[in-house]
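Numbering (UniProt numbering), first residue to last: 1 to 129.
The structure is reproduced here in structure tokens:
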């Protein structure tokens, strides 16, 4: 079995073929990590960058709820209506994903550092993706 996967969206049709549709994740399982630059607690391998928004405590839960969007990022929506908060996860190019910010983001000093709503895909905002 092999070849291009023509029956469903495949992020990498030459590297990921699941002809029986048994895998819940693509690419051998997406890898989520905390690289540290959003984490003032120092739990990641890199130092916290004080200009970045703070990683939420429930970042792993948010990751598990995230959905791949047309912009190539993964997004999680928390809440509804105008109070909804959107969390973005980005791929580092090596198959590792990390939390990258939210529409309610703040630095450790409380300075606003949010993703603008216009950068959240419309399909995510509408719950379509």
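The beta carbon of each residue, even a glycine, is placed where N, CA and C say it ideally should be.
Quantities reported herein were computed from a predicted structural model and do not represent experimental measurements.
Across the structure, residue 65 and residue 86 are spaced so that their CA atoms are roughly 11 Å apart.
A distance of 8 Å or more separates the beta carbons of residue 41 and residue 106. Beyond the five residues adjoining it in sequence on each side, residue 98 comes within less than 8 Å, by CB distance, of 32, 33, 34, 35, 38, 89, 90 and 92 in the same chain, given in chain order.
By DSSP's assignment, residue 98 forms a beta bridge with 90. Taking the Cα positions, residue 30 is about 32 Å away from residue 109. Bounds of the beta strand (DSSP E) holding residue 77 are 74 to 78. Within a 10 Å sphere around the beta-carbon of residue 117 sit fewer than 16 other beta-carbons, which makes this residue exposed. Judged by their CB atoms, residue 70 and residue 112 are not nearer to each other than the 8 Å cut-off. Residue nearest to residue 114 within the set 128, 56, 81 and 44 is 56 (criterion: CA-CA distance). Rounded to whole angstroms, the separation of the alpha carbons of residue 77 and residue 84 is 7 Å. The alpha carbon of residue 127 has as its nearest neighbour, out of 102, 95 and 80, the alpha carbon of 80.
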